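Protein chains in written order, with the numbering used here: chain L, 8 to 860; chain X, 1314 to 1465. Beta carbons are placed, not taken as given, at the ideal position from N, Cα and C, and that holds for glycine. Predicted model only: the values in this text are computed from it and were never measured. The next block holds one structure in the form of structure tokens; read it before the comments.
Here it is, written out as structure tokens:
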């Protein structure tokens, strides 16, 4: 790969990954519903991938995608049917592609040998082809997929003007030599018809059963949007005779076929390939006329990028740029966007206004590397809005150089079709074709969004600070008008900051489908491997959450789903014996709940049996028999989160060795998430994960300990208490209180978070720190909980509730148990953000230490 | 070999020199972000002894390393002259607490010697060389090493 390419590789990798993701999802769907739309989408994804990998010079990747594309092509043409081995081969190929992509990302190139995968794909294709022997493999009839939206409407042939788009053209070329007929029809909708688009759509639907619509003018989009007058033209490839087609065409009320003619397939295929596809709209036509008036000539250019060019889009755009210096580019085919996206097949066309002589222009184009000029012709039909007359590029000779006089001069029309209607339909098509749809989205670098969020974080801090300053000003100025105005302004700034924060947070939101979409494939593979039958249901895939959360939530979910499939669901036979449906169901749900995202993984398997779990824990020596017996069912179920705990009798290569749930929980806790299990023996289990919407800003309860302020994530705070010291009992030397008939052990924040004794700051406080809990004043206790464990944290005082922006303590300090970072408060002081899970761990360790002492 | 002629052609190093105890230390000027007065430090529990805590440097949280303790030198009372040198090393921003800052020092490369056993007091790996000035020896710190120690 040369230097030029490296700058594009990032874009390529990203786009390729997207296409692969799409492919994977669609191939999965393919097993259930092989609809035309789906096949079309798949085909397009594969085609794009093939194109871009070839453009990047990744031949092996191109070959492999090509093989896949062939299968999709055959599928959409109904030459073959979907079967398991076909899907397996496709997945096999897709996996290889993923490996290649990873290699490319890592080293810029790939050395993976894909001949095996390619061969498998070819074999699958051949196997499927022969099994459903079709007489005319390339032109099977009952499809409607010849991509009407892509259809470009161009130059007149015979009496009806239609030029097929690339897909339609291919269909026509493929049909050459077959028994299919090509008919062109001029259709008219009744003038008093109320819903023209509905009629048109109905017609297209009814035609789907008759053959393949290869060209449509105006295109399907325009028809859908009613962007046409009363008539439209279409070309259809079918095995029917003329009368029969005409009958179908007239089969919808309020639509009638005004003209139908059979086109010679071969000649038309040849001609259509040669014709200019570019056309100009009404507005552009006027531009042309103005240009002519000031001495410009309007030319049609057909250019091609040489086949060995690696970045054809770059070449094409360079050409346009060069042309712009020599005149004015009026219209491009395919659109500029398509050129940019490499969405063209080497050739592109331009309508160009210039004062240069042909030879000079040729010289200019010759100077552009890797671009050749295929055709240069005067654009003769400024009035008509499209190229050429009946004979295509050659046949237009006599009409060339005609000076445009009247705005609606009629082109060469040979038959009954009224010229005005041609003009209208072509204009309608033209207007639609012009890329009116501006991109609605902008790609933004993730780093920039992160930066934005950081800045907002600063703003949030300052907002709090300003509010505090306002209070001080109010006191000092004692209710003067200035103070009031300041307050108002501050409040406004505060509101705007809130909104800004909201908006930026939203900009960082992604639908959770970004994570979910990889699971169906995984479940399918697992089910095959384990011999289970699974119905996998995803709900709420559109639920949005912050990018930071999306990135980290995937792995825990993989573990949980695997767990459900492997341990939760029974084998089909066992299910049947238990009176259940052979097919087990796994649900994956996401939804918003207040400031959280709730994700549930549910299965209707055998459920977790507390008795088995207790026995297991004893057997593994994790608990004594007594201790196990004392556990509530809920606590017993939570045992599965302990390390080294696996309930599966055999260790499978799917769920691993019982480290899964342990890791799951610790990873989730790092995110500030909680996990809960509901399970019923024989009925199934549900794992409920509650995630914060974002990881960057949390609401915290500020507490004072010594001269440090800590922020406890409000999501983990259960309640705050004032405890009379006399209520404290000692259980195993640990202070404990009774809270609503349950014991709550206490831990002093000071003991959990000892500060260095060296520091000059706190030398004085040492004496205070070591005072024990025996004096008379009440204690402030914050009850924090996580995954069914709770502890009361003794603090010096409660400061208040505040939104805090989590900042890292930096690499020098690194991870500290029980702390997740620090934040800057409104007064410029810093607070340490406590991590409740860490605190619970520290507290239980301390308990152990106290017990041992 | 240290004629004036040769010296002027030799590459020079620019350092910021500071005091720790009675010794003079130097840090490459390129690593230095800024030098600030000692401000209120928020302690961070459960850290090693030589982490003084964190400060709020205009909205950014910067950890403060007590360089004396890190280098194993006897501790000293803070004075009016105490400063924090904020350095950026490998994209890690750290404040180094020092006794006082002397200023910028130019040292020609051939005035710098490899560290030797003379440096018994502190970990030899922390030292990248010893520079000789007219009236003093400057211990050049290897910041990467000094800071990496802290992370372990």
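- Sequence-distant Cβ neighbours of residue 29/L in its own chain, meaning closer than 7 Å and more than five residues away, are 52.
- Taking 9 Å as the upper bound on Cβ-Cβ separation, chain X lies near residues 464, 465, 468 and 469 of the segment 464–485 of chain L.
- Around the Cβ of residue 737/L, a 10 Å sphere holds fewer than 16 other Cβ atoms; the residue is exposed.
- Apart from the 5 residues on each side of it in sequence, residue 1424/X sits with its Cβ closer than 7 Å to the Cβ of 1444 and 1445 in its chain, given in chain order.
- DSSP places residue 1373/X in no alpha helix (DSSP H) but in the uninterrupted beta strand (DSSP E) bounded by 1373–1379.
- Inclusion of residue 696/L and residue 557/L in the CB contact set at 8 Å is not warranted, their separation being larger than that value.
- Less than 8 Å separates the beta-carbon of residue 1414/X from that of residue 1348/X.
- Collapsing the DSSP output to three states places residue 257/L in coil.
- 1405, 1406 and 1407: these are the residues of the segment 1402–1413 of chain X whose beta carbon lies less than 8 Å from some beta carbon of chain L, given in chain order.
- Pairing residue 210/L with residue 309/L gives a Cβ-Cβ distance that is not under 8 Å.
- With a cutoff of 8 Å on beta-carbon distance, residue 591/L and residue 610/L are scored as near each other.
- Of the candidates 506/L, 17/L, 638/L and 81/L, the residue whose Cα lies closest to the Cα of residue 109/L is 17/L.
- Contacts between residue 1372/X and chain L, judged by CB atoms closer than 8 Å, involve 465, 468 and 831 in chain order.
- Nearest in C-alpha terms to residue 188/L, of all of 700/L, 268/L, 229/L and 233/L, is 268/L.
- For the pair residue 340/L and residue 356/L, the CB atoms are nearer than the 8 Å cut-off.
- By the beta-carbon neighbour count (other beta carbons within 10 angstroms, threshold 16), residue 713/L is buried.
- Residue-level contact check: residue 839/L touches chain X, since one or more beta carbons of chain X fall below 8 Å from its beta carbon.
- The beta-carbon distance between residue 194/L and residue 240/L, rounded to whole angstroms, is 7 Å. This is short enough to meet the 8 Å contact definition.
- Here the alpha carbons of residue 1442/X and residue 1412/X stand approximately 21 Å from one another.
- Taken through DSSP and simplified to helix, strand or coil, residue 832/L comes out as coil.
- Around the beta-carbon of residue 243/L, 16 or more other beta-carbon atoms lie within 10 Å, marking it buried.
- Annotation for residue 361/L: 303, 304, 306, 333, 334 and 368 place their beta carbon closer than 7 Å to its own, counting only its chain and skipping 5 residues before and after.
- Ranking 350/L, 175/L, 548/L and 493/L by CA distance to the CA of residue 277/L puts 175/L first.
- Around the Cβ of residue 264/L, a 10 Å sphere holds 16 or more other Cβ atoms; the residue is buried.
- At least one beta carbon of chain X lies nearer than 8 Å to the beta carbon of residue 824/L.
- With the rule of 3 Cβ pairs closer than 8 Å, the segment 811–824 of chain L counts as touching the segment 1360–1372 of chain X.
- When beta bridges are read from the DSSP output, residue 681/L appears opposite 697/L.
- At least one beta carbon of chain L lies nearer than 8 Å to the beta carbon of residue 1358/X.
- Secondary-structure assignment with DSSP links residue 603/L through a beta bridge to 600/L and 699/L.
- Against chain L, the CB of residue 1355/X has a partner CB under 8 Å away; the residue lies at that interface.
- Residue 375/L places its beta carbon less than 8 Å from that of residue 329/L.
- Judged by their CB atoms, residue 94/L and residue 38/L are nearer to each other than the 8 Å cut-off.
- Between residue 1399/X and residue 1457/X a beta carbon distance of about 16 Å is seen, past the 8 Å cut, so the two are scored as non-contacting.
- When the alpha-carbon of residue 597/L is set against those of 584/L, 478/L, 550/L and 806/L, the nearest one is in 550/L.
- Within the DSSP bridge table, the entry for residue 594/L names 544/L and 609/L as partners.
- Excluding the 5 residues flanking it on each side, residue 1394/X has same chain C-beta neighbours closer than 7 Å at 1412 and 1413, in chain order.
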